[in-house]
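**Student:** What follows is a single structure, and I will ask about it in a moment.
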Amino acid sequence: MILLQVWEMEFLFLGTVTKKCKIEKVSDKIFKIVLTQGLNRQIRRMCEYLDYEVTKLKRTRIMNVELGYLQSGDWRELTEDEMKEINNMISSSSKTEEASVVEEKSKQAKPKRSKAPTKNDFNKKSASFRKSSPKSKRSNSSFSSKKKRW
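Taking this note's numbering, the leading residue of the sequence shown gets 126, the next gets one more, and so forth.
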């Protein structure tokens, strides 16, 4: 089946090559899809690309946390085992503070660009331009220097 073949391969999705996902056909119209890298609306967009209609989509777990019978908007406390497993999964990833320090260092290493022109720079240039340009309508005696009030 096309769906199973395409999804079990890496898929170029919105300019990103996604990781492989697992697909299990539950019935003629129901599939169980396990994403290893879930992007925004990925399943819906991939189905649309393959001319499949998604009539219902249900999230059953997030990482190691089985959602069970939680309804939309409901929540539950994580168990101690779930927290331990999540902490083990993310232990090798960089912490937010550490990642920020690395980003700041890389920003400092880049050569600095020249400063953007300031407001005064534009005024000086435009003033010198006006002096050298022919008289404009503004110098015409019929021009009113008062601003209209709306």
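Here a beta-carbon is modelled for each residue, glycine too, at the ideal position from N, C-alpha and C. As the structure is a computational prediction, the values presented were derived from the model and not from experiment.
Suppose the cutoff is 7 Å on Cβ atoms and the five residues either side in sequence are ignored; what does the same chain contact list for L160 look like?
**Tutor:** Closer than 7 Å at Cβ, skipping near neighbours: C146 and Q167.
**Student:** Buried or exposed for T180, please, with buried defined as at least 16 other CB atoms from any protein chain shown within 10 angstroms of its CB.
**Tutor:** Exposed: under 16 other Cβ atoms inside 10 Å.
**Student:** Can you name the residues that DSSP bridges to I158?
**Tutor:** Bridge partners of I158: I148.
**Student:** Which residue from N189, E178, I187 and Q196 puts its Cα closest to that of I155?
**Tutor:** Checking every option, the nearest Cα to that of I155 belongs to E178.
**Student:** In chain order, what residues of the same chain have a beta carbon less than 6 Å from the beta carbon of S197, not counting five sequence neighbours either side?
**Tutor:** Counting only Cβ-Cβ distances below 6 Å, and skipping sequence neighbours, we find nothing.
**Student:** Flag this pair as yes or no: are the beta carbons of Q162 and K144 separated by less than 8 Å?
**Tutor:** Yes, they are a contact pair.
**Student:** Going along the chain, which residues of its own chain have a beta-carbon closer than 6 Å to the beta-carbon of K157, five neighbours each way excluded?
**Tutor:** Here the set comprises E149 and V151.
**Student:** For E178, which residues does DSSP report across the bridge?
**Tutor:** Paired residue(s): none; E178 is not in a bridge.
**Student:** One question on the structure: do E205 and N189 come within less than 8 Å of each other, judged by their Cβ atoms?
**Tutor:** Cβ atoms of E205 and N189: not closer than 8 Å.
**Student:** Below 8 Å between beta carbons: does that hold for L287 and R201?
**Tutor:** Shown here, the chain extends from 126 to 275; a query on residue 287 therefore has no answer.
**Student:** Considering just the uninterrupted stretch of the alpha helix (DSSP H) at M214, what are its terminal residues?
**Tutor:** E205 to I215 is the extent of the alpha helix (DSSP H) around M214.
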